[in-house]
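Accompanying notes for the structure given below.
Numbering (this note's numbering), first residue to last: 29 to 221.
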């Protein structure tokens, strides 16, 4: 299954010949934490006025609870591999539209009274999102994306993020990822290249 994600990611990079590594606006790598796991994001983008970019977002979640001798755990790996386009609205703001692949691997395990049951789910589909990204001269930037995904049924997907640039290439971020009624707070660092 992991091989399938590698193929999709490589296809996005190969099929996007207009992508330039020179832009700091849409070329970055980020890593952080969520309520129950970690996130990783990498983007390769075009010039700052208008252009094509590609983006990978991975969420790696691990959660569990026990109650009266019965325990349940879940591990979920979620992957978005998108190609997008951004249009300049003003000197410091862009409209964004992106779409592509969404997939997940989920393993659930329930144990109680000497018996354990494990189930794995592996599914994929597509997503389409649109949004807005803006920044200010004091180093603050925010991004809002909202859209729909379809993996074994349609659902709402969203991402909101605020960044503070504390140097030319580094920023810290606080965000929210919404997946069909479930929200995860994110916190991390981003490096622009």
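Ideal Cβ positions, reconstructed from N, Cα and C, are used throughout, including at glycine.
Bridge-paired residues (DSSP) for residue i
i, result
"residue 105", "88 and 133"
"residue 151", "132"
"residue 95", "98"
"residue 81", "112"
"residue 197", "In DSSP, residue 197 forms no bridge with anything."
"residue 192", "168 and 200"
"residue 126", "112 and 157"
"residue 247", "Because the chain in this structure spans residues 29 to 221, residue 247 falls outside the shown range and cannot be described."
"residue 71", "56 and 83"
"residue 186", "174 and 206"
"residue 138", "100 and 145"
"residue 163", "169"
Pair within 9 Å by beta-carbon distance, residue i and residue j
i, j, result
"residue 104", "residue 138", "no"
"residue 214", "residue 62", "yes"
"residue 143", "residue 136", "no"
"residue 221", "residue 197", "yes"
"residue 163", "residue 120", "yes"
"residue 201", "residue 217", "yes"
"residue 185", "residue 158", "no"
"residue 87", "residue 195", "no"
"residue 132", "residue 109", "no"
"residue 107", "residue 141", "no"
"residue 191", "residue 170", "yes"
"residue 77", "residue 116", "yes"
"residue 134", "residue 122", "no"
Beta strand (DSSP E) segment containing residue i, residue limits
i, result
"residue 212", "210-220"
"residue 63", "Unbroken run through residue 63: none, as it is neither H nor E."
"residue 170", "168-178"
8 Å contact criterion, which residue i and residue j should meet: CB distance rounded
i, j, result
"residue 111", "residue 82", "5 Å"
"residue 173", "residue 187", "5 Å"
"residue 67", "residue 73", "Going by Cβ atoms, the distance from residue 67 to residue 73 rounds to 19 Å, so no, they are not a contact pair."
"residue 189", "residue 209", "The Cβ separation is near 19 Å, so there is no contact."
"residue 89", "residue 65", "4 Å"
"residue 71", "residue 96", "46 Å between Cβ atoms; not a contact."
heavy atom of the ligand SAM below 8 Å from residue i C-beta
i, result
"residue 190", "Looking for the ligand SAM in the displayed structure turns up nothing, as the structure carries no ligands at all."
> How do the region 170-180 and the region 145-155 stand: do at least 3 beta-carbon pairs fall below 8 Å, yes or no?
Replying inline: Result yes; three or more Cβ-Cβ pairs closer than 8 Å.
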